[in-house]
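This is how it looks when you write it as structure tokens:
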């Protein structure tokens, strides 16, 4: 049913329908409304789950690790500092192949402290062995959670659903909230594979010496690569069951005739689409490639989509300090060595710490990359507040 | 696409105002988006909220920099925050004030309207939260969102007596703007 | 190092925590921070945890602090203060007052590991806890300082656990000076700050700071609510010096907890049409237990 509501509420309602059995989360802006909603649903008896109010994110992740290892469907949500605090546990969860789902309400990282949106947090943990998917709008944010539990439980890989903090979490827009029975039909009950249960004694989380550790990492890496097929399949199944496209590895918009392609992920894709339509009316052909799944990185899908495109600009809300664009780096690597000549891939960092990304600034970016390649630049930087020596 | 920017202080229901307007527009069969721009939860700090209304799906996420409509819930913000920035020259700004629009001496070519929203709120709702009165004034002047839809949105958000009080305040605002009764000048 | 009674009792007003910060009207924590800074004086370094105080007092480019201020994360202020103390020691700089400040989370929950470590190692740091009984900065979610029965966004039916007793936990770590205070009695609060700073080793001061937004009361009731917290016995004011409870603030005429609870929105659900539910009786029991234990 189409409802008008805040992104956080859409997510919490849909997560509740996925029947998580143990939820543990620590409040942190801008994830708080999701946590509060779920706490309320549990206390009102409308969600049959254990809600554990823990003392930190590190404990939240640890609680759901234990719950998942015991065979329960487990869920948490966090962002920024909280995600970093639980990083150690994130690696553990992936290494232990626990199918946990986590909502990351993307937010910038301290220092300096900033509670507004960028994607540095989820980028920081991109190597941890989690599947990472990014939502374009609140409809997709809600839908991705249903897909996430299914993907996680099929692949035995934890899934992080990323949605831009404040921009999506605190935005009100129409979202089609499915009926509980629709979700039940799509998402069967959790059938855990390796659990701690006296009936089948097993040891989970052993230590592996140099004879074995490397192979566990290889297996995990391959599992992530193979999960691409599951992500695609679940997305297709979802579309069929719920009647709308959602999720998947990548999505494109007006790519066919594009002379320039913007590659990005998350909510800014919406702003980019508006710009593309405006530019089209002015006779300029620009296209969009949206990354749905960032990990596993859909290298082949990107290559197939962009192989005939010679001018590409990657727009991202994170930066590898001292190196440059993270998504840009991954995109550049998508093209085999022999096909890099003549192809321009510019890199723009934008929107850090909640800095507004205006259509005007995106227009300027398009104008610049149509004139010359841009190795790396920060969009809309206010040089007036930067000392000369720091430029 | 209609773009509205709401200025106020934390505690004045700025985000609720955006939500109600957008929800009402949705009920009128339009597409609508509402979102806030604020810092940590703090009473008294300046807050902005944005609303977009259109006949087709709204995809952009940038802040509203060139609003056609401004709703100013705290008139004293005008002195400290660049409230009028980007307002379209032929736009409309509604200010919560107990004075004539001219007395505000706003530097704008846009239409200025005033309504003593806080006073009305205190009288009808019992709390100095001006948001539904400002929404009522907006609907009345512009006709962009139906009053009936706002009433439904209010009742959805505020249960029982609080909802009815808010609806009454909304209707009073509408009455004032329509008939010119109760306006400062 | 002893301070004269004259100095201990003198009310300090130095404006070291300057006006113009962004706290809500009636914020107990803002008042407490000002009193603490002035009592400690210029020769002080304030290490502050993420939370309301840090947010409203240190936005770029206008921090309110006229003494050195250091903020890192939510959970590590005690460890950070320990580091500052160690540096001053090894560099043979000082003496300087090193004060770690934090709210519920950084004291008792996410920062519990850190504070325990600081106490156990015995650093020369005064830890000041501003207790507003929930995570206010993020929108009123429960903490382990949330009192029994209080409504928060994560305990919508009322909190089911009792307040964690940090003063006793600090004392059991061997912290030589532990005290509680309330923000209405500024003289007592400043005196305790000054006294604490004369003592060797770690010190812990736990200050009750009402939060109008989170507790659901008008901003001008902050002082009255503190007084009722004491007069009901719900917040005992005392010192623990070298493990012994002492200088308990006595209350000759106790007030029933209802008087305190009725003023706050976070306890409104405990009254059905003005009639108290049995949770109120349970809260009265807690108050009575305090009265007996501390001989209030």
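Residue numbers (this note's numbering), protein chains in the order written: chain C, 24 to 414; chain L, 4 to 188; chain R, 5 to 300. Where is the CB? At the ideal position from N, CA and C, for every residue including glycine.
Per DSSP, which residues does residue i bridge with? Please list them.
i	result
residue 99(C)	125(C)
residue 258(C)	Bridge partners of residue 258(C): none, in fact.
residue 53(L)	8(L) and 38(L)
residue 155(C)	183(C) and 318(C)
residue 51(R)	74(R) and 104(R)
residue 25(C)	199(C)
Contact criterion: CB-CB distance below 8 Å. Does residue i meet it with respect to chain R?
i	result
residue 129(C)	no
residue 128(L)	no
residue 47(L)	yes
residue 52(C)	yes
residue 76(C)	yes
residue 339(C)	no
residue 104(C)	yes
residue 135(C)	yes
Is there a C-beta anywhere in chain L that falls below 8 Å from the one on residue i?
i	result
residue 27(C)	yes
residue 133(R)	no
residue 321(C)	no
residue 294(C)	yes
residue 438(C)	No statement about residue 438(C) is possible, as the shown extent of chain C runs from 24 to 414 and does not include it.
residue 28(R)	yes
residue 57(R)	no
residue 382(C)	yes
residue 238(R)	no
residue 217(R)	yes
residue 190(C)	yes
residue 198(C)	no
With residue i and residue j assumed to form a contact (beta carbons below 8 Å), what rounded beta-carbon distance in angstroms separates them?
i	j	result
residue 57(C)	residue 31(C)	5 Å
residue 168(R)	residue 83(R)	Actually they do not touch by this definition, with Cβ atoms about 20 Å apart.
residue 68(R)	residue 104(R)	In fact, because the Cβ distance is near 18 Å, the residues do not count as touching under 8 Å.
residue 53(C)	residue 102(C)	7 Å
residue 112(L)	residue 96(L)	11 Å between Cβ atoms; not a contact.
residue 75(R)	residue 133(R)	The pair is not a contact, with the Cβ atoms about 16 Å apart (cut-off 8 Å).
residue 121(C)	residue 92(C)	6 Å
residue 197(R)	residue 40(R)	6 Å
residue 199(L)	residue 297(C)	The structure shown does not extend to residue 199(L), since chain L is modelled only from 4 through 188, so no value can be given for it.
residue 54(R)	residue 338(C)	That pair is no contact at about 30 Å.
residue 348(C)	residue 139(C)	So it is not a contact: roughly 20 Å between Cβ atoms.
residue 181(C)	residue 123(C)	4 Å
When the cut-off is 8 Å and only beta carbons count, does residue i lie next to chain C?
i	result
residue 8(L)	no
residue 114(R)	yes
residue 37(L)	yes
residue 120(L)	no
residue 151(L)	no
residue 65(L)	yes
residue 184(R)	no
residue 19(L)	no
residue 29(L)	yes
residue 99(L)	no
residue 134(L)	no
residue 158(L)	no
Tell me whether residue i counts as near the ligand SAM, meaning its Cβ is closer than 7 Å to at least one heavy atom of that ligand.
i	result
residue 6(R)	Although the ligand SAM was asked about, the structure shown includes no ligands whatsoever.
Below 7 Å on C-beta distance, what does residue i contact in chain A?
i	result
residue 22(L)	The structure shown contains no chain A; its protein chains are C, L and R.
Please give the ranges of any alpha helix (DSSP H) in the region 188-237 of chain R, keeping only runs that are unbroken, at least 4 residues long and fully inside the region. The qualifying runs are 190-201, 216-219 and 226-235.
Answer yes if the region 164-178 of chain L comes into contact with the region 123-143 of chain L, meaning at least three C-beta pairs across the two stretches below 8 Å, and no otherwise. With the cut-off at 8 Å, the region 123-143 of chain L and the region 164-178 of chain L touch.
Does the count of Cβ pairs from the region 95-104 of chain R and the region 136-151 of chain R closer than 8 Å reach three? The answer is no - the region 136-151 of chain R does not touch the region 95-104 of chain R, with fewer than three Cβ pairs under 8 Å.
Three Cβ pairs or more, each shorter than 8 Å: is that satisfied between the region 112-120 of chain C and the region 143-161 of chain C? In short, these stretches touch, since the Cβ pair count reaches three.
Okay, do the region 267-277 of chain C and the region 163-178 of chain C touch, 3+ Cβ pairs below 8 Å being the bar? Enough Cβ pairs lie closer than 8 Å, so yes.
With three or more beta-carbon pairs closer than 8 Å as the criterion, would you say the region 153-162 of chain R touches the region 259-273 of chain R? The region 153-162 of chain R vs the region 259-273 of chain R: in contact.
Inside the region 91-116 of chain L only - beta strand (DSSP E) runs reaching at least 3 residues: Runs of the beta strand (DSSP E) inside the region 91-116 of chain L: 95-99.
Which complete beta strand (DSSP E) runs does the region 303-348 of chain C hold, if anything under 3 residues is left out? Counting whole runs of 3 or more residues, the region 303-348 of chain C contains the beta strand (DSSP E) stretches 309-314, 316-318 and 334-339.
3-residue-minimum beta strand (DSSP E) runs that sit fully inside the region 73-109 of chain R, ordered along the chain: Qualifying beta strand (DSSP E) stretches, in chain order: 73-75 and 101-106.
Decide yes or no for the touch test of the region 52-62 of chain L against the region 82-91 of chain L: beta carbon pairs closer than 8 Å, at least 3 of them. Touching, no.
Which ranges does the alpha helix (DSSP H) cover as unbroken runs of at least 4 residues, wholly within the region 343-405 of chain C, from first to last along the chain? Listed in chain order, the complete alpha helix (DSSP H) runs (minimum 4 residues) inside the region 343-405 of chain C are 349-355 and 382-394.
Runs of 4 residues minimum, wholly inside the region 227-286 of chain C: which ones carry the alpha helix (DSSP H) assignment? Those alpha helix (DSSP H) runs which fall completely within the region 227-286 of chain C and span 4+ residues are 236-265.
Looking at C-beta atoms only, is the number of pairs between the region 381-400 of chain C and the region 17-27 of chain L that lie closer than 8 Å three or more? For the pair of segments examined, the region 381-400 of chain C was found not to touch the region 17-27 of chain L: the number of CB pairs separated by less than 8 Å stays below three.
Stretch pair the region 314-334 of chain C + the region 245-254 of chain C: three plus CB contacts closer than 8 Å: Contact holds: three or more Cβ-Cβ distances are below 8 Å.
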